[in-house]
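Those letters in the sequence shown? Residues 1 to 321, by full-length UniProt numbering. Idealized CB from N, CA, C, for every residue including glycine.
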Amino acid sequence: MDVIFIVNPAARNGRSLDRWESFCKQIGFPYEAVMTKGPGHAAAVARGLAAKADRGPLLLIAFGGDGTVHEVIRGAAGYPEVQIGSVGAGSGNDFGRGYLSFRTAEEIEAAGRKDSGSFDLGTAGMPGSSKPAVFVNSAGIGFDAVISMQVNRSRTKRLFNRFGAGKLIYTFFIVRTLFTFRPFSLTVDADGQRRKFDRVWLAAVSNQPYYGGGMMISPGSDPADGELELTVIHGLNRLKLLLVFGTVFTGSHTRFKEVHRQSGGAFRLTADRRMPVHTDGEGAGLAEPGRPIPFEVRRAAWRLAGPTRNRKVRDKHEGTP
Numbered sequence: 001m002d003v004i005f006i007v008n009p010a011a012r013n014g015r016s017l018d019r020w021e022s023f024c025k026q027i028g029f030p031y032e033a034v035m036t037k038g039p040g041h042a043a044a045v046a047r048g049l050a051a052k053a054d055r056g057p058l059l060l061i062a063f064g065g066d067g068t069v070h071e072v073i074r075g076a077a078g079y080p081e082v083q084i085g086s087v088g089a090g091s092g093n094d095f096g097r098g099y100l101s102f103r104t105a106e107e108i109e110a111a112g113r114k115d116s117g118s119f120d121l122g123t124a125g126m127p128g129s130s131k132p133a134v135f136v137n138s139a140g141i142g143f144d145a146v147i148s149m150q151v152n153r154s155r156t157k158r159l160f161n162r163f164g165a166g167k168l169i170y171t172f173f174i175v176r177t178l179f180t181f182r183p184f185s186l187t188v189d190a191d192g193q194r195r196k197f198d199r200v201w202l203a204a205v206s207n208q209p210y211y212g213g214g215m216m217i218s219p220g221s222d223p224a225d226g227e228l229e230l231t232v233i234h235g236l237n238r239l240k241l242l243l244v245f246g247t248v249f250t251g252s253h254t255r256f257k258e259v260h261r262q263s264g265g266a267f268r269l270t271a272d273r274r275m276p277v278h279t280d281g282e283g284a285g286l287a288e289p290g291r292p293i294p295f296e297v298r299r300a301a302w303r304l305a306g307p308t309r310n311r312k313v314r315d316k317h318e319g320t321p
C-alpha cells in the first residue's frame, strides 16, 4: 500500500512544520509527502491522488488540524481503494477525539495492515452551490458558525497557538460573541414532521460527538450508524447560555430542557434571517431567510486508517467487550 502524507505547514501558526520535520525522522517505511500551499489545496491533492485508479490501495495521511483532515476527506471520499488517517498537528484536533489520530510512525505502519471499515459523511446543500458542502465531524448554523468564522480570521488564534493554548481560543470567542449575537428562529423538518424553535442560539448537525476544540456537543453520535444527530440550543438568556456551554465539554448540557436533540438520516433547517453556516469549523456560506438547507448522511462514504477511539464505534468494528 502506498502511503502519502498531505502536510499543512501553516497549521498551528506554522508550528506543524516543526512537528513534521521531527515526525518524518521516525518513519521507517516508503512514503511520499506533499506540502499544501493554501486553502483548498489539500482537497485538490487528495482528489487527484485518489482518482489515479492504477495506483492500487492508497493510504492518505492528513498532517495538520481539523481543516486539513476535512479537505483530505472531501477530496478522497467515495474512492474504495483509499484509506484516510491523520496526525493531529493543529489547534483543535476534534477529528482525533472522535476517530484515531496517529501519534507515531509505527502506528501508521501497523494500520496499513488493517481494514478499519467505512464511516459516514454529512452533507449540507448550500444555497447557490451546485455541490453540497461536506463534513465528517459536524456542521452548524448560528452562534457556533459565527465563532468558527471569527476564530479562523483572528490574529488572536496565532497568539494562543504560540503559547500552546490553542484549545482555549474557542472559549475566548464564546464569551466575546455571547454579548453581540442575536438569536434567531428555526424550523426543523424531519421524518415528515415539522417543529419550530424561537430564540435559537445554534443548531448543530453532528456525525461524531466532538467539535469546537473538545466540546462534546453530541455525546451519542456514532459516525458509522447511518444517522446524523441534531442539537438545537434555544429559549434561554445569555447568562444561562454561558452556563450551558460550561457543561458542553462533558456532554452534560443535554440535561437542560432548552437543549433539543433528535437523530435521523436527513434534516431540513430553515432560519428566519441570514445566518452563517460552518462544516467542520470551516465557513460554508450563509443560510438565507426562508430557504431550507438540507442536511443528509452518506453512509459508508470513506474508509478510516486505523481503529476509532469513539467507544461505540470501536466496539462495533473491533468486537471489544
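What would DSSP say about residue i, mapped onto helix, strand or coil?
i    : result
A76  : helix
D189 : strand
Y211 : strand
S129 : coil
D2   : strand
T270 : strand
G48  : helix
V136 : coil
S86  : strand
D120 : strand
S206 : strand
K37  : coil
D18  : helix
G67  : helix
F163 : Confidence is the limiting factor: at F163 the pLDDT is only 48, short of 50, which leaves the residue's position unreliable, though a coordinate-based value still follows. Looking at F163 - three-state DSSP - the assignment turns out to be coil, as it is neither helix nor strand.
I61  : strand
A305 : coil
P321 : With a pLDDT of only 32 at P321, under the threshold of 50, the placement of this residue in the model should not be trusted, and no figure is reported.
L286 : strand
So, residue i versus residue j, is the Cβ gap smaller than 8 Å?
i    : j    : result
E258 : H234 : yes
E229 : G265 : no
P219 : Q208 : no
R19  : A89  : yes
A11  : M126 : no
A105 : Q26  : yes
D144 : L186 : no
H260 : V232 : yes
I6   : V72  : yes
M275 : F179 : no
T123 : V136 : no
V205 : F119 : no
L58  : A305 : no
Y31  : A50  : no
G246 : T270 : no
N8   : T68  : yes
P292 : R268 : yes
A287 : I147 : no
Can you give me the Cβ contacts of residue i inside the same chain, cut-off strictly under 6 Å, excluding the 5 residues immediately before and after it?
i   : result
A77 : L121, A301, W302
R97 : Y210
G75 : A43, A46, R47
Within its chain, find whatever has a CB closer than 8 Å to the CB of residue i; leave out the 5 residues flanking it on each side and keep chain order.
i    : result
V151 : K157, I169, Y170, F173, G281
S129 : G285
K196 : S185, L186, T187, V188
Leaving out five residues before and five after residue i in sequence, what residues of the same chain have Cβ atoms less than 7 Å from its Cβ?
i    : result
G48  : none
F163 : Below a pLDDT of 50, predicted positions are generally treated as unreliable, and F163, at 48, falls in that range; no measurement from the model is reported.
L242 : L178
S101 : S86, V87, G88, N93, F95
Quiz prompt | Inter-stretch contact (C-beta, 8 Å, three-pair minimum) for the stretch 244-264 and the stretch 35-48 | solution = Counting C-beta pairs closer than 8 Å gives fewer than three between the stretch 244-264 and the stretch 35-48, which falls short of the contact rule.
Practice problem: Could you tell me which uninterrupted alpha helix (DSSP H) segments, each at least 4 residues in length, are contained entirely in the stretch 222-266, listed from first to last along the chain? | Solution: Here the runs fully enclosed are 238-248.
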